[in-house]
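Chains as they are written, first to last, in the numbering used here: chain B, 264 to 796; chain A, 5 to 344. Quick reminder that beta carbons are idealized off the backbone N, C-alpha and C, glycines included. In this text, all values refer to a predicted model and were calculated from it rather than measured experimentally. Let me begin by presenting the structure, written as structure tokens, before commenting on it.
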Amino acid sequence: MNRFAELLDRLVLTPSRNGKLTLLTDYFRSVEDPDRGLALAAITGDLNIAAVKPAMLRALVVERMDPVLFGYSYDYVGDLAETVSLVWPQPQGHIPNHVPTLAEVVARLQAASRSDGPSVLARLLDDASISARFAIIKLVTGGLRIGVSARLAKQALADLGQVDVAEIEELWHGLAPPYAELFAWLEGRAEKPRSAALALFRPVMLSNAVDDNDLEKLDPADYAAEWKWDGIRVQAVCEGGVRRLYSRTGDDVSGAFPDLAAAMNFEAALDGELLVGDPREATGTFSDLQQRLNRKSVSPRIQQQYPAFMRCYDALQIDGEDLRALPFAERRKRLEAFVGTLDPSRFDLSPLVAFSDWETLERLRQAPPHPIIEGVMLKRWDSPYLAGRPKGPWFKWKRDPHTIDAVLMYAQRGHGKRSSFYSDYTFGVWSGPEGSEELVPVGKAYFGFTDEELREIDKYVRDNTIERFGPVRSVRADRRNGLVLEVAFEGLNRSTRHKSGVAMRFPRISRLRWDKPAAEADRIETLQALLDS
Amino acid sequence: MFKAMRASDLLKPRPEGLYCQPGDFFIDPVRPVGRALITHGHSDHARSGHRSVLATQETLDIMGLRYGEDFAGTTQAAALGQTIDINGVAVTFHPAGHVLGSAQICVEHGDMRIVASGDYKRQNDATCLPFEPIRCDVFITEATFGLPVFRHPPDHEEIARVLKSAAQFPERSHLIGAYALGKAQRVMRLLRDAGYDSPIYIHGALAKLSEYYQRQGIDLGTLEPATVESGSKADFAGAIVVGPPSAFADRWARRFPDPISCFASGWMRIRQRAKQGGVELPLIISDHADWDELIITITETGAEEIWVTHGREEALVRWCELEGIAARPLHLVGYEDEGD
Chain B
264 MNRFAELLDR
274 LVLTPSRNGK
284 LTLLTDYFRS
294 VEDPDRGLAL
304 AAITGDLNIA
314 AVKPAMLRAL
324 VVERMDPVLF
334 GYSYDYVGDL
344 AETVSLVWPQ
354 PQGHIPNHVP
364 TLAEVVARLQ
374 AASRSDGPSV
384 LARLLDDASI
394 SARFAIIKLV
404 TGGLRIGVSA
414 RLAKQALADL
424 GQVDVAEIEE
434 LWHGLAPPYA
444 ELFAWLEGRA
454 EKPRSAALAL
464 FRPVMLSNAV
474 DDNDLEKLDP
484 ADYAAEWKWD
494 GIRVQAVCEG
504 GVRRLYSRTG
514 DDVSGAFPDL
524 AAAMNFEAAL
534 DGELLVGDPR
544 EATGTFSDLQ
554 QRLNRKSVSP
564 RIQQQYPAFM
574 RCYDALQIDG
584 EDLRALPFAE
594 RRKRLEAFVG
604 TLDPSRFDLS
614 PLVAFSDWET
624 LERLRQAPPH
634 PIIEGVMLKR
644 WDSPYLAGRP
654 KGPWFKWKRD
664 PHTIDAVLMY
674 AQRGHGKRSS
684 FYSDYTFGVW
694 SGPEGSEELV
704 PVGKAYFGFT
714 DEELREIDKY
724 VRDNTIERFG
734 PVRSVRADRR
744 NGLVLEVAFE
754 GLNRSTRHKS
764 GVAMRFPRIS
774 RLRWDKPAAE
784 ADRIETLQAL
794 LDS
Chain A
5 MFKAMRASDL
15 LKPRPEGLYC
25 QPGDFFIDPV
35 RPVGRALITH
45 GHSDHARSGH
55 RSVLATQETL
65 DIMGLRYGED
75 FAGTTQAAAL
85 GQTIDINGVA
95 VTFHPAGHVL
105 GSAQICVEHG
115 DMRIVASGDY
125 KRQNDATCLP
135 FEPIRCDVFI
145 TEATFGLPVF
155 RHPPDHEEIA
165 RVLKSAAQFP
175 ERSHLIGAYA
185 LGKAQRVMRL
195 LRDAGYDSPI
205 YIHGALAKLS
215 EYYQRQGIDL
225 GTLEPATVES
235 GSKADFAGAI
245 VVGPPSAFAD
255 RWARRFPDPI
265 SCFASGWMRI
275 RQRAKQGGVE
285 LPLIISDHAD
295 WDELIITITE
305 TGAEEIWVTH
315 GREEALVRWC
325 ELEGIAARPL
335 HLVGYEDEGD
């Protein structure tokens, strides 16, 4: 347990990727099974432990110490997990004679029922050092948040075994914690684990955003262009009668799209975008697609009203043949021929966009033929299908974001590094008849500004607070007073949850308009017009 | 218990510092005064320009090194455990375990005894004498780390983490930020005790004081200046360098290969503090008492009243209230936590 705790402590404070990789590979090399595999699962988010709510954690600690002293401590530290790990009083005369291993800790947590969970946790904390308490609390409150992605952890495994990370990603979904057979292979003690399971996920290929000067260095003749569909990236895999629809992170989403899954009667692994509608007639908007998202089960009515289909743009495997090493041009030919054999109401091809120079493509990008298109994709004709985000073969060139001028209404204190700053902003636009306008909140943003701007807004919030509710301050905002924020966003959805009836996608502060009077901020009609376009 | 004299008649806060009226002297005054009694050499406690200074010989030496020999009109060395009479007030210096030469000052008049402990710690430290708890009526305690979150681990465990990291990253150098007086020498001594016998590179600001420690018989091993003349970037690969924390943000630090910044301080207990300071390897090594040491010390002095100064007074006052000990914050101005 202590070595896992030490690893977390180091990772949290190590900014460089190479430094993190060294720490991870050293850990995997020096710690035995099954602890290292459980640590790996904790980092990749594959460890299942029933979550303990922050309120429960707080209740456990104030049963054991003066609540006033706890309050001073929590105010000072600002992070609940860390505060509890530090102040947790070891019972009088209690000297643990055994430091539990990570495997023991995990086993005890996994065996705990809902009712005895808190007392199991308390006993573990009694026996642990400060660092180990922090690690245990992180395990039970979910999400380590140590700045290490699953991908980086897999890279560390690849470094450990001197293999390509794609090999690990491809195996990954057929493996389970504590991954003893994976480590055995990486250490050269056993054969590579066989992907016994059928229809496994293949790690996807991702693109880089086009930067300012990228295009002038590229020859348009080297690249194919396609529309960039704003749906959900999916991978449809059928092998030996097993059908799986995966999200881009490898989660199996077949259950949410039974209509599409039912039409997957082929032997192939296809890459594409999940959209709704009938591809022969009309493609639905993002709002339509929303009707199918975040649902565990879907009613027949919804399936009929918003049928799911897949717009295919790559073929990774067809009839048992792995195509990933072939150039894109060749894969595309195979894909075109193959999609023609599929149910046309459920599968179609993402069309290529013809262009001869970047100016032509720029004009097309600015005026796409459908609202669910968010830009264009560029793919090198000669590029193989590579896992991850290699720089060069694939680019995404997105439409410029929308912007709107809104007025700051509420500010909330941030977390962690920003815990002493009001850094999360709710903003609104004007609504109602002339003469009695009111601000209606349309979104919330917590980034897009510099540290210096953060300090300025924080000061503004403190100087213009009219009411406080816990960590939230209501800020003076009327026709004459108020801070105007230029907010950029990627798109707009209808929302029944928000009073304004709209919800922004990916909003962020693009500029502070200290110069602009609050009364001149935008009106809700501006947003509604966007919604209908 | 009834006392003929009230504690506040013996010692009271004044803008200059803690003042003893019957003895007409100040303890650790922050402005120039006639007679100053000084607990230790950190610059917020030991200032120059007093007419006369009474302190341990080591503290007088350290003040001389920092301010020049004419830092006071006259000086007098206080021997530990020996009582000196100042205008009818009995004054005794006792070791405080904070840095070399640090002392608590016990002030006694009639039946009233007050101990002003200055800064202190209870962890062992090979570079200074250990703290001795003194029974008293009023104990004046610091509260730099006066919150239950501050729990300092054993210092040798922290040093072991640096040595482990140095083995993990042999191509990089480890820069340990440590205050020039006390902490820096303690860190070097801990490295030696852990078996590290390569030269330790030091920033120029540490040279005079480290030499003084060595002359006092505290073995710090081979120290070399961390100058560009003494080596190129590659020569510092794998090196351990000690310097004042302020130097690490400076151009000075650019001479080291891909340095890992470490900071030896009690503040490093709080992750966010380490993160904000860009510290990659926090070393929780403090010359101040942590929460557990503070409350053990308060108990051991048997004092009926506790005065709490510089730091997080409210939590310690709260703890005393819960224990039925009278306590109040003593609002002294001008003390920072230079020593940590």
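query                                                                                                                                                                            : result
Does the beta carbon of serine 336(B) sit closer than 8 Å to a beta carbon anywhere in chain A?                                                                                  : yes
Can you list the residues of chain B that lysine 237(A) reaches, using a CB-CB cut of under 8 Å?                                                                                 : Residues of chain B passing the Cβ test: none, with the nearest at roughly 17 Å.
In the DSSP assignment, what are the bridge partners of lysine 707(B)?                                                                                                           : Thr689(B)
Contact check, valine 602(B) vs leucine 612(B) under 8 Å by CB: the rounded distance?                                                                                            : 5 Å
Report the rounded CA-to-CA distance for tyrosine 688(B) versus threonine 789(B), giving the unit in angstroms.                                                                  : 21 Å
Identify the continuous beta strand (DSSP E) that holds arginine 511(B) and give its terminal residues.                                                                          : Careful: arginine 511(B) lies outside any beta strand (DSSP E) and carries neither H nor E.
Return no unless some Cβ of chain A is closer than 8 Å to the Cβ of valine 324(B).                                                                                               : no
My assumption, with CB atoms under 8 Å, is that valine 428(B) sits in contact with lysine 283(B). Please give the rounded CB distance.                                           : The pair is not a contact, with the Cβ atoms about 14 Å apart (cut-off 8 Å).
In chain order, what residues of the same chain have a beta carbon less than 6 Å from the beta carbon of tryptophan 271(A), not counting five sequence neighbours either side?   : Arg277
So that I know if they touch, is there some Cβ in chain A lying closer than 8 Å to that of threonine 277(B)?                                                                     : yes
One question on the structure: do alanine 487(B) and leucine 301(B) come within less than 8 Å of each other, judged by their Cβ atoms?                                           : no
Are the C-beta of aspartate 329(B) and some C-beta of chain A separated by less than 8 Å?                                                                                        : yes
Please list, in chain order, all residues of the same chain as glutamine 80(A) whose beta carbon is under 6 Å from its beta carbon, the five residues on each side excluded.     : Leu58
Enumerated in chain order, which unbroken segments of the alpha helix (DSSP H) with a length of 4 residues or greater are wholly contained in the stretch 437 to 495 of chain B? : 443 to 449
Mapping DSSP to helix, strand and coil, what is histidine 49(A)?                                                                                                                 : coil
Using a Cβ-Cβ cut-off of less than 7 Å, give me the residues of the stretch 371 to 404 of chain B that come near chain A, in sequence order.                                     : Ile393
Can you pull the DSSP bridge partners for tyrosine 673(B)?                                                                                                                       : Thr689(B) and Ser737(B)
Against valine 750(B), what residues of chain A qualify as contacts under a CB-to-CB distance less than 9 Å, listed in chain order?                                              : Those do not exist, as valine 750(B) stays about 28 Å from chain A at its closest Cβ, beyond 9 Å.
Let me confirm a value: threonine 87(A) is counted as buried when at least 16 other C-beta atoms fall within 10 Å, else exposed. Which label applies?                            : exposed
Just the C-alpha distance for glutamate 342(A) and valine 403(B), rounded to the nearest angstrom, thanks.                                                                       : For glutamate 342(A), the pLDDT reaches just 46, beneath the cut-off of 50, and the residue's location in the model is therefore unreliable, leaving the point undetermined.
List the whole-angstrom C-beta distance separating arginine 597(B) from methionine 573(B), where the pair is believed to meet the contact cut-off of C-beta under 8 Å.           : With 8 Å as the limit, arginine 597(B) and methionine 573(B) do not qualify as a contact, their Cβ atoms being about 16 Å apart.
Counting only beta-carbon separations shorter than 8 Å, does methionine 264(B) have a partner in chain A?                                                                        : no
Taking only beta-carbon atoms, is proline 152(A) less than 8 Å away from chain B?                                                                                                : yes
Consider the Cβ of proline 99(A): report whether some Cβ of chain B lies at a distance smaller than 8 Å.                                                                         : no
Out of Ala331(A), Ala330(A), Arg332(A) and Thr301(A), state which residue places its alpha-carbon closest to the alpha-carbon of serine 121(A).                                  : Thr301(A)
My output table needs one value for proline 17(A): the three-state DSSP class, helix, strand or coil.                                                                            : strand
Is threonine 307(B) closer than 8 Å to alanine 416(B) when the C-beta atoms are compared?                                                                                        : yes
Quick one: which residues of the stretch 315 to 326 of chain A get their C-beta closer than 8 Å to a C-beta of chain B? List them in chain order.                                : Arg316, Glu318, Ala319, Arg322, Trp323 and Leu326
Residues bridged to isoleucine 274(A) by DSSP?                                                                                                                                   : The partner list for isoleucine 274(A) (beta bridge, DSSP) is empty, contrary to what the question assumes.
In chain order, what residues of the stretch 279 to 306 of chain B put their CB closer than 8 Å to some CB of chain A?                                                           : Gly282, Thr285, Leu286 and Asp289
Taking glutamate 544(B) as the reference, give the member of Ser619(B), Pro607(B) and Ala318(B) with the closest Cα.                                                             : Pro607(B)
Please confirm if valine 315(B) has its CB atom under 8 Å from at least one CB of chain A.                                                                                       : no
Could you give the first and the last residue of the continuous beta strand (DSSP E) run that contains aspartate 551(B)?                                                         : No beta strand (DSSP E) holds aspartate 551(B); the alpha helix (DSSP H) holding it covers 549 to 553.
Using the Cα positions of proline 330(B) and serine 348(B), report the straight-line distance between them to the nearest angstrom.                                              : 15 Å
Could you tell me whether the Cβ of glutamate 342(A) comes closer than 8 Å to any Cβ of chain B?                                                                                 : For glutamate 342(A), the pLDDT reaches just 46, beneath the cut-off of 50, and the residue's location in the model is therefore unreliable, leaving the point undetermined.
Which residue wins for smallest C-alpha separation from aspartate 239(A), given the options Gly221(A), Ile180(A), Val93(A) and Arg259(A)?                                        : Arg259(A)
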